[in-house]
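Participant:
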Amino acid sequence: MRGEKTTENQDGEEWGRIDSTYRAFTGTNVHGEIIILDSMKKDLPRETVYAFNNNDTVATYDMDMDVWHPNRAKMASIVCEVLPFDKTENLSILDLGVGTGYLSHRVIEAFPHAKILAVDAAGLMIEGAKLRLKDHLEQVTFQTSTFQELPDKLNTLSNLDAVVSSLALHHLYSEEKLTLFKYIHSVLKPHGWFVNCDVFKTADAVLEARFRRLHYQGIQERTQKIKRQEKSLDQISSELFEKETKDGDHLLPLGEDLQLLVDAGFRTAECFWKEYREAVYGGIK
Ligand SMILES: C[S@@+](CC[C@H](N)C(=O)[O-])C[C@H]1O[C@@H](n2cnc3c(N)ncnc32)[C@H](O)[C@@H]1O
Numbered sequence: 025m026r027g028e029k030t031t032e033n034q035d036g037e038e039w040g041r042i043d044s045t046y047r048a049f050t051g052t053n054v055h056g057e058i059i060i061l062d063s064m065k066k067d068l069p070r071e072t073v074y075a076f077n078n079n080d081t082v083a084t085y086d087m088d089m090d091v092w093h094p095n096r097a098k099m100a101s102i103v104c105e106v107l108p109f110d111k112t113e114n115l116s117i118l119d120l121g122v123g124t125g126y127l128s129h130r131v132i133e134a135f136p137h138a139k140i141l142a143v144d145a146a147g148l149m150i151e152g153a154k155l156r157l158k159d160h161l162e163q164v165t166f167q168t169s170t171f172q173e174l175p176d177k178l179n180t181l182s183n184l185d186a187v188v189s190s191l192a193l194h195h196l197y198s199e200e201k202l203t204l205f206k207y208i209h210s211v212l213k214p215h216g217w218f219v220n221c222d223v224f225k226t227a228d229a230v231l232e233a234r235f236r237r238l239h240y241q242g243i244q245e246r247t248q249k250i251k252r253q254e255k256s257l258d259q260i261s262s263e264l265f266e267k268e269t270k271d272g273d274h275l276l277p278l279g280e281d282l283q284l285l286v287d288a289g290f291r292t293a294e295c296f297w298k299e300y301r302e303a304v305y306g307g308i309k
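Quick look at the structure:
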């Protein structure tokens, strides 16, 4: 494991360190597997920003997403389908975690007169989005910011028709999500919509293991098809574990996100689509 040693247990064994690559507080469990120590992690710089603000990540990002999240296209379709707007409307929409601009692009295709405010903490991902959205730059404003900073940085934002997000909010802890959901609620106009596509964990360990297994099998098939590479399920499982650690993933059960929406003041909180670990859900102000 790379990084600098930070602490030892009473037998003098090292049990955790700030990993200089992952920017997260990591340790090892009894099986020697790398684990993230949640209680320590919250006080540290957020690893998600470092993980995505990386040229190698951006270069292969969209191909990797085709391998890891083939439902990204389906989920974006649900977002565009469920939003009850007309193609001709001049909409104001906030995209949280724009990444390389996939969802914003789909939203602009569905609603060609929409103005998008595209937020992401990773400047290099935003550069990728500018390339994808090069024909629509007059209708997109980019803001480099963490979600956590938004209530301070964009405190005059209001009257939005919708807030959307895709595969970005699972990096937040639940208390951060509640703060963000309250912020989203505050920037929406009355009856405005929030729609989020994301990944979730299940409370049941057997189901979780089954969902993960299906996920790994899908990745194995697509790795073969898209990248022409053969990988064992064990290899995929450990690569994904490493990636989730590096990205700072913090999956919650879907029910918790829905409850957080209610707690944030949304009048509805509903799941629109779900397949195993992935779902599209949202709320109306
Ligand atoms: C998996 S990508 C999803 C990008 C895009 N929405 C898509 O569907 O392809 C997650 C994005 O969220 C951004 N992100 C992660 N944590 C963030 C945070 N706390 N604040 C702002 N952006 C964050 C990352 O920089 C990254 O671009």
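If you're matching positions, the sequence shown starts at 25 in the numbering used here and goes up one per residue. Beta carbons are placed, not taken as given, at the ideal position from N, Cα and C, and that holds for glycine.
#1: What's the gap between the Cα of Leu278 and the Cα of Phe218?
#2: Taking 8 Å as the threshold (C-beta atoms), are Arg301 and Val230 in contact?
#3: Can you find at least 3 beta carbon pairs, one from the region 114-132 and one from the region 182-190, that sit closer than 8 Å?
#4: The beta strand (DSSP E) spanning Ser256 covers which residue range?
#5: Please tell me whether, using a cut-off of 7 Å, the distance from the CB of Met149 to the nearest non-hydrogen atom of ligand 1 is below it.
#6: With H, G and I counted as helix, E and B as strand and the rest as coil, what does DSSP make of Glu6?
#7: Strictly by DSSP, which residues pair up with Ile140?
#8: How would you label Lys158, buried or exposed, when you count the other beta carbons within 10 angstroms and need 16 or more for buried?
#9: So what's Leu191 in DSSP terms, helix, strand or just coil?
#10: If you pair each beta-carbon of the region 202-217 with each one of the region 234-243, do three or more pairs fall below 8 Å?
#11: Using a threshold of 7 Å, is the CB atom of Gln172 nearer than that to any non-hydrogen atom of ligand 1?
#12: Go ahead and pull the three-state DSSP assignment for Leu196.
#13: So for Phe224, helix, strand or coil by DSSP?
#14: To which residues does DSSP link Val304 through a beta bridge?
#15: Can you say whether His137 is buried or exposed, counting buried as having 16 or more other CB atoms within 10 angstroms of its CB?
#16: DSSP has Ala186 in a bridge; who is on the other side?
#17: Ala75 and Asp271 - do their beta-carbons sit closer together than 8 Å?
#18: Given this structure, state the Cα-to-Cα distance separating Thr81 from Ala288, to the nearest angstrom.
#19: Would you call the region 167-181 and the region 244-259 touching, i.e. three or more CB-CB distances under 8 Å?
#20: Quick check on this structure: which residue in Gln172, Cys295, Asp110 and Glu133 has the alpha carbon closest to the alpha carbon of Gly6?
#21: Just the C-alpha distance for Cys221 and Phe296, rounded to the nearest angstrom, thanks.
#22: Going by the DSSP bridge assignment, what does Pro277 pair with across the sheet?
#23: Thinking just about the alpha-carbon of each residue, which of Arg252, Asn78, Leu284 and Gln167 is nearest to the one in Lys206?
Facilitator: For this structure:
#1: 15 Å
#2: no
#3: yes
#4: Unbroken run through Ser256: none, as it is neither H nor E.
#5: yes
#6: Residue numbering for the chain in the displayed model covers 25 to 309; residue 6 lies beyond these limits and cannot be assessed.
#7: Ile117 and Val164
#8: exposed
#9: coil
#10: no
#11: yes
#12: coil
#13: coil
#14: Cys221 and Trp297
#15: exposed
#16: Ile117 and Trp217
#17: yes
#18: 33 Å
#19: no
#20: No statement about residue 6 is possible, as the shown extent of the chain runs from 25 to 309 and does not include it.
#21: 10 Å
#22: Lys225
#23: Leu284
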